[in-house]
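Following my numbering, the numbering of the sequence shown begins with 90 at its first residue and continues without gaps.
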Amino acid sequence: MSKFLTNAAVIEFDSEVKHEYQGSGKLRNTISIRTGVVGESYKFTRMGKGVANQKASQADVTPMDISHDRQTANMANWLAPEYTDIFDQAEVNFEEKQELAQTIAKAISRREDQIIIDAIAAISFVSTNDEDADTGRVFDDSATTNFTLDLVRKAAGHLDDIESDEDNRHIVLRALALQKLLEDPEVTSSDFATVKALVNGTLDSYMGFKFHKIGTRAEGGLPGAVNDRTAFAYHKTAVGIAIGIDMKTTIDWIAQKTSWLANGMFKAGAVVREPQGIVKMQYDEAV
């Protein structure tokens, strides 16, 4: 026997999932976004710097010859399906429906975060500013210290050196790294209250960066091996994500399972637009 839900019920659940999704993603709003992308990929454009020049009277102007490089974000399909019988009830329990919506939404939002993290981690990093737009900067303290304010200052210094805009700067790090900052001997009494507010979540910005905590995740989370861990600092324009399907849900009756299949769908791909605007910070979580 086939079963059907009213369009109103499907739309209501889809809206609930989207609401939860918008509130659970951590990195979506920290990078450049292109939505409604048609096809399997999207090409982001990166413009180089221009240098102003003079012109003699009646002479032709000299173009700046600004470079226009393209970086391709290849999109992939992601699904978050779950069988459920809650829609069989005469009156769907609000709490149960909300829990299912949260489960689907958070699965998709974590995957979106991972798409972004994986794109950032895949670029090449160097230990000095080589003034190459296609390489990021790395500060490696993994052999000596845990996450410290010194790493944050170094990241800020690099972005200042390449004249990255001072707004829209972000740091994504493990929650344990943020807690470790409270033990940093360089944290003064005035800084301590600010760092504690960061750890408690009552404040999200410090030293020009907005902080985003990532926990231990089945999707992979931030890269690391044993105790050597990685955090990233970057400017919003350094990374881009292209989205073909922006969090869509369906609900279908599957006769073979005698159950409803609630499915979250997402199609997206991320690419680093300007590696130079990314800083990799490595530290030892056990110190």
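The beta-carbon is built from N, C-alpha and C at its ideal position, and this holds for glycine as well.
Taking every protein chain shown into account, the CB of residue 274 has fewer than 16 other CB atoms within 10 angstroms, so this residue is exposed. Leaving aside the five residues that flank residue 269 on each side, the residues in its chain whose CB is nearer than 6 Å to its CB run, in chain order, 235, 236. Classified as buried, residue 131 has 16 or more neighbouring CB atoms from the shown chains inside 10 Å of its CB. In this structure, 341 is the residue among 364, 367, 341 with its C-alpha nearest to the C-alpha of residue 173. Residue ranges of uninterrupted beta strand (DSSP E) with 3 or more members, entirely inside the segment 203–262 and ordered along the chain, are 225–230. Residue 186 has its alpha-carbon roughly 32 Å from the corresponding atom of residue 300. Scanning its chain for C-beta atoms nearer than 7 Å, with the 5 sequence neighbours on each side dropped, one finds around residue 158 the residues 135, in chain order. Residue 213 and residue 330 have their C-alpha atoms spaced approximately 19 Å apart. DSSP places residue 279 within a helical segment (H, G or I) once states are collapsed to three. Remark: fewer than three beta-carbon pairs, one from each stretch, lie closer than 8 Å, so the segment 216–230 and the segment 341–351 are not flagged as touching. DSSP places residue 325 outside any beta strand (DSSP E), giving it a letter other than H or E. Going by DSSP, residue 365 is part of no alpha helix (DSSP H) at all; its letter is neither H nor E.
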